[in-house]
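Protein sequence lines, in the order shown, are assigned to chains P and W. Its first residue numbered 1, the first sequence is counted upward by one per residue in our numbering. Its first residue numbered 104, the second sequence is counted upward by one per residue in our numbering. Note that beta-carbon positions come from the ideal geometry of N, C-alpha and C, so glycine has one too. Have a look at the structure below before the remarks.
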Amino acid sequence: MQYRVHLEELELDFTCRQDQNVLECMIGAGKKGIQVGCRGGGCGVCQVEVLEGEYAARPMSKAHIDEEALAQRRVLACCIKPRSDLLLKVVGKISKPIQRKHP
Amino acid sequence: MALRGVLRLGEIGIRVLDLDLARTHYVDRMGLIEVMCDEKERKIYCKAWDEHDHHSVVLREADEAGLDYVAFKVYDDQTLTDLEPKVEAFGLEVAHIDAGVYPKSGRRLEFILPSGHRMQLFAEKEQIGNTLGTRNPGVMPDEGVIRGFRINRLDHCLLGGPNIDECGRLFKEVFDFDLSERIEDEESRESLALFLTCSTKPHDVAFVIQPEPGRFHHVSFLLESATDVIHAADLIGKYRIPVDVGPNRHGVTRGNTIYYFDPSGNRNEVFSGGYVHYPDTPTLTWDTSQMGPAQFSQDNVPRESFLTVVT
Numbered sequence: 001m002q003y004r005v006h007l008e009e010l011e012l013d014f015t016c017r018q019d020q021n022v023l024e025c026m027i028g029a030g031k032k033g034i035q036v037g038c039r040g041g042g043c044g045v046c047q048v049e050v051l052e053g054e055y056a057a058r059p060m061s062k063a064h065i066d067e068e069a070l071a072q073r074r075v076l077a078c079c080i081k082p083r084s085d086l087l088l089k090v091v092g093k094i095s096k097p098i099q100r101k102h103p
Numbered sequence: 104m105a106l107r108g109v110l111r112l113g114e115i116g117i118r119v120l121d122l123d124l125a126r127t128h129y130v131d132r133m134g135l136i137e138v139m140c141d142e143k144e145r146k147i148y149c150k151a152w153d154e155h156d157h158h159s160v161v162l163r164e165a166d167e168a169g170l171d172y173v174a175f176k177v178y179d180d181q182t183l184t185d186l187e188p189k190v191e192a193f194g195l196e197v198a199h200i201d202a203g204v205y206p207k208s209g210r211r212l213e214f215i216l217p218s219g220h221r222m223q224l225f226a227e228k229e230q231i232g233n234t235l236g237t238r239n240p241g242v243m244p245d246e247g248v249i250r251g252f253r254i255n256r257l258d259h260c261l262l263g264g265p266n267i268d269e270c271g272r273l274f275k276e277v278f279d280f281d282l283s284e285r286i287e288d289e290e291s292r293e294s295l296a297l298f299l300t301c302s303t304k305p306h307d308v309a310f311v312i313q314p315e316p317g318r319f320h321h322v323s324f325l326l327e328s329a330t331d332v333i334h335a336a337d338l339i340g341k342y343r344i345p346v347d348v349g350p351n352r353h354g355v356t357r358g359n360t361i362y363y364f365d366p367s368g369n370r371n372e373v374f375s376g377g378y379v380h381y382p383d384t385p386t387l388t389w390d391t392s393q394m395g396p397a398q399f400s401q402d403n404v405p406r407e408s409f410l411t412v413v414t
């Protein structure tokens with residue numbers, strides 16, 4: 001079964017099978033919108049809010065996704081597989097402790 | 104310097120979200136040897152083939168990924184006794200852990216680093232050897248002992264947190280490490296990363312500035328050669344293990360390297376090479392105008408994820 005994933009605001013679409021996670025499908029489609037980090041549910045940078053649609057989730061680090069986040073349907077894109085078409089809002093951002101101040 | 108005092112990173116405790124997936128990764132794929140399993144505590148204990156100590160990696164199932172603790176092995180029990188008042192004089196509270204609380208291990212000292220990481224010191228751990236014995240050992244273990252990524256040993260770790268200059272001062276003044284390399288902001292000269300050695304290796308531990316305390320950047324394992332790094336990269340590709348940075352060389356420490364993530368998102372490195380450090384080797388300094396060459400010297404491209412994605 002194949003579903004459509006839409007990223008709100010970015011107006012970005014890609015397709016995802018029910019046995020694939022959302023982040024790997026975005027990467028595989030050559031699209032950029034959700035930050036790519038550890039891809040194992042540990043670092044939290046690919047956090048999204050599921051505005052519409054159903055999904056199955058695997059364990060995610062509580063440091064980033066606690067019960068409250070789960071209740072608000074905030075999850076890590078690398079850890080969810082679609083069970084319907086999905087409408088997502090990107091939440092996660094990478095902080096930048098090391099960078100040139102004057103490039 | 105004859106190598107006494109603090110010897111090496113002897114044990115690392117890593118939190119994983121799923122112990123079975125962690126076993127597949129660290130044991131089946133990477134080729135670490137599982138020496139013990141505690142089903143009740145949801146822990147597995149592993150070693151690399153050429154380590155003599157009973158284990159060096161402890162994987163514990165938890166609801167958060169990241170670092171449980173780092174434990175450095177010291178030369179002998181007297182070293183522990185001598186170090187305790189020095190750690191306290193530095194301003195850290197030292198807790199005592201009795202022998203046997205950590206399996207196969209003698210007593211430990213435990214304290215929290217200024218960066219927020221839990222650190223331990225121990226002098227004794229049961230040794231089970233590298234399968235070759237110690238009298239006329241030969242050089243080649245039996246077929247199957249060296250497998251997976253062909254990891255020789257646990258080498259170092261990189262820890263992320265605040266107060267890294269304080270951590271550097273602790274390791275230099277109390278533990279007798281040398282500062283081998285340093286990355287600083289080109290304008291403010293503020294420390295961004297510190298690399299410290301207690302041996303002739305370029306580093307035994309490193310710290311990188313992070314806004315949150317206690318973050319885990321990576322654990323690193325030593326391979327025999329750059330060819331073995333490429334061999335590991337081939338297996339990483341075959342098994343679809345997520346790669347952070349493909350085969351390259353570090354400017355800092357000069358190691359041939361590949362970075363990848365375990366199934367819980369903890370970053371791992373396997374590497375080979377680097378230079379020989381002596382106590383009279385001057386500290387090498389890199390600044391943010393050269394982040395590309397400092398990080399990855401074959402393409403000179405800095406990776407944003409490399410200094411921002413942590414567990």
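Could you tell me whether any Cβ in chain W is nearer than 8 Å to the Cβ of residue i?
i	result
Arg-73 (chain P)	no
Lys-31 (chain P)	no
Val-45 (chain P)	yes
Arg-39 (chain P)	yes
Ala-63 (chain P)	yes
Gly-42 (chain P)	yes
Pro-82 (chain P)	no
Arg-100 (chain P)	Because the pLDDT at Arg-100 (chain P) is just 44, under 50, the model does not fix this residue reliably, and the point stays unresolved.
Looking only at its own chain, which residues have a Cβ that is under 7 Å from the Cβ of residue i, when we skip the five neighbours before and after it?
i	result
Glu-229 (chain W)	His-157, Lys-207
Ser-84 (chain P)	Tyr-3, Gly-53, Glu-54
Pro-81 (chain P)	In the sequence as presented, Pro is not what sits at residue 81 (chain P); that position holds Lys. Gln-18, Asp-19, Gln-20, Asn-21, Tyr-55, Ala-56, listed in sequence order.
Val-50 (chain P)	Arg-73, Val-75, Leu-86, Leu-88
Gln-181 (chain W)	none
Arg-145 (chain W)	Leu-122, Arg-163, Glu-164
Ile-68 (chain P)	This sequence places Glu at residue 68 (chain P); Ile is not what is there. Counting only Cβ-Cβ distances below 7 Å, and skipping sequence neighbours, we find nothing.
Provide the residue span of the beta strand (DSSP E) that contains residue i, from first to last.
i	result
His-259 (chain W)	254 to 264
Lys-176 (chain W)	169 to 177
Gln-47 (chain P)	47 to 52
Gln-2 (chain P)	2 to 7
Tyr-433 (chain W)	An answer regarding residue 433 (chain W) cannot be provided, because it is not within the stretch 104 to 414 covered by chain W.
Phe-374 (chain W)	370 to 375
Lys-62 (chain P)	Premise fails: Lys-62 (chain P) is in no beta strand (DSSP E) and is neither H nor E.
Mind reading off the beta-carbon distance from residue i to residue j? Whole number of angstroms is fine, and I expect it under 8 Å.
i	j	result
Val-119 (chain W)	Ser-367 (chain W)	4 Å
Thr-384 (chain W)	Ser-283 (chain W)	7 Å
Tyr-375 (chain W)	Leu-325 (chain W)	First, the residue type needs correcting, since residue 375 (chain W) is Ser and not Tyr in the sequence shown. Sure, about 7 Å apart at Cβ, within 8 Å.
Arg-221 (chain W)	Asp-171 (chain W)	7 Å
Val-109 (chain W)	Phe-175 (chain W)	5 Å
Val-5 (chain P)	Cys-25 (chain P)	7 Å
Leu-7 (chain P)	Val-90 (chain P)	6 Å
Gly-41 (chain P)	Cys-78 (chain P)	6 Å
Alpha helix (DSSP H) containing residue i: first to last residue?
i	result
Ile-27 (chain P)	22 to 28
Lys-341 (chain W)	329 to 341
Glu-67 (chain P)	67 to 71
Gly-395 (chain W)	394 to 398
Enumerate in chain order the residues of its own chain whose CB-to-CB distance from residue i is below 8 Å, with the five nearest sequence positions on each side excluded.
i	result
Thr-330 (chain W)	none
Gln-1 (chain P)	The question names Gln, but residue 1 (chain P) is Met in the sequence shown. The residues are Arg-17, Gln-18.
Sorted by chain position, which residues of the same chain lie with C-beta nearer than 6 Å to residue i's C-beta, five sequence neighbours on each side aside?
i	result
Val-379 (chain W)	Thr-303
Gly-354 (chain W)	Pro-396, Ala-397, Ser-400
His-64 (chain P)	Gly-44
Cys-270 (chain W)	Leu-216, Pro-217, Ser-218, Phe-310
Asp-279 (chain W)	Gly-108
Between residue i and chain P, is any beta-carbon pair separated by less than 8 Å?
i	result
Thr-360 (chain W)	no
Glu-167 (chain W)	yes
Val-412 (chain W)	yes
Gly-116 (chain W)	no
Ser-367 (chain W)	yes
Arg-357 (chain W)	no
Arg-121 (chain W)	This sequence places Asp at residue 121 (chain W); Arg is not what is there. So yes, Asp-121 (chain W) belongs to the interface.
Phe-364 (chain W)	yes
Arg-370 (chain W)	yes
Mind pulling the beta strand (DSSP E) runs of 3 or more residues that sit fully within the stretch 118 to 152 of chain W? 136 to 141, 146 to 150
Counting only runs that start and end within the stretch 259 to 318 of chain W, where is the beta strand (DSSP E) found for 3 or more residues in a row? 281 to 287, 294 to 300, 308 to 312
Starting from the N-terminal side, write out each stretch of the beta strand (DSSP E) that is 3 residues or longer and does not extend beyond the stretch 183 to 224 of chain W. 198 to 200, 211 to 215
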